[in-house]
Structures are given as C-alpha cells and as structure tokens.
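In our numbering, the protein residues as written are 5 to 200. Here's the structure we're looking at; comments come further down.
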C-alpha cells in the first residue's frame, strides 16, 4: 500500500483526505508524527503549501501532501485569503472568523457577496521538484449561518448550483464539489509520481 503524509492536524481535513483517497493509500497526518507545527510564512497559498510539504519530506523522507486553503471574498479584496484560519486572531476560532467576515460584509448586497474557497495542494517527493495544484469552489457569502455540517466557513458559504451552504451538504456531496476535491483531482491526474 502506498503511504503519504498529509501536512495537517485538522481532523476535518484528515477525514476528507481519507474519504477521497479510499483504501489503496495509507494516509498519515501530523497527528501521527512527532513534528512541530510548520509556520506558514508565505504570502500565497502556493508558498505555504510548498513550505509544509517540503518540511515533511526533509524530516521523514516520505511523499508528502500539504494544502493551504482559505476563503477569498471579492468585496473584501480577496480577504481573508491565506489568513482564513486566523482571520479573527491567532486562536484560530471558526465562529470568531465567521463573525468577522459577516461584520465586514455588513451592508453589502447579495449580488456583491461573491466568494470562493481556494485550495492549493503541494506534492513533494524526495529528490523531486515540488508541484502545486489549485482547486476552487465558487459561491457567495450568506447573511447568517445555515447548516451544521463541515467546518470553517462552511455555514456561510452558499453554493448556488446546490441551493445550499456547504454546511447543509453531506460529506459526500461536499467532497464532490469542494476546492480540496478539485485540487486533489488535479494532483491525481498530473502528480501520479507521488504514488509509485
């Protein structure tokens, strides 16, 4: 069985990766490793994802996948962007982050609340050049939270083609359209070297 280390301690992301890869890939995460958090010092999703993947490869000499993902809101000039997880502070609280985004969008009409989830995956293999793969999911920000599934900004991210927020979708429905799924699809199609 192929083994890959996913550069996250986020249980929600780990679960999504396990569901996407299925049973033919053994998924390990930073929860399984004795490794300090990798500081995200990049200014783009690509830089942060590559930093994390390469740090794991250097430490464990195994293939690694790291993603950096976040929410881009057009009316906020692309914020919160790479700061999505810590938008309301270093304590990284989903509820506080949502409140801050909704407050900043106060008075912005529905037609101008377009946004997208962005995920960039970096695939790093010992001795190879790191590759990055970008996936997006287009939607808009609601005026209040709807739904109880998912994590992060899911309760305020409305997907028009599903007529629901991400938090109102089952994990299977969400995985089929998510930014992470689109990035992973690109990785699987173009980054097959990581599993062989």
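Ideal placement from N, C-alpha and C gives every residue a C-beta, glycine not left out. What you are looking at is a predicted structure, and each value in this text was computed from that prediction instead of being measured.
Counting along the chain, the unbroken alpha helix (DSSP H) around residue 98 starts and ends at 98-108. The beta carbon of residue 23 sits closer than 7 Å to those of 175 and 179, all from its chain and outside the five residues before and after it, given in chain order. Taking 9 Å as the cut-off, the beta carbon of residue 9 is found closer than this to the beta carbon of residue 66. In this chain, the beta strand (DSSP E) harbouring residue 162 covers 161-163. When only Cα atoms are considered, residue 193 and residue 147 end up about 37 Å apart. Looking at the backbone, the Cα of residue 161 and that of residue 56 are separated by about 27 Å.
The alpha helix (DSSP H) runs lying completely inside the region 20-89 and spanning 4 residues or more are 49-64, given in chain order.
Following the DSSP letters along the chain, one finds residue 118 inside the beta strand (DSSP E) bounded by residues 118-128.
Judged by beta-carbon spacing, residue 13 lies within the 9 Å limit of residue 41, meaning their Cβ atoms are closer than that value. Around the CB of residue 159, 16 or more other CB atoms lie within 10 Å, so the residue is classed as buried. Scanning its chain for C-beta atoms nearer than 6 Å, with the 5 sequence neighbours on each side dropped, one finds around residue 124 the residues 49, 50, 53, 72, 136 and 138, in chain order.
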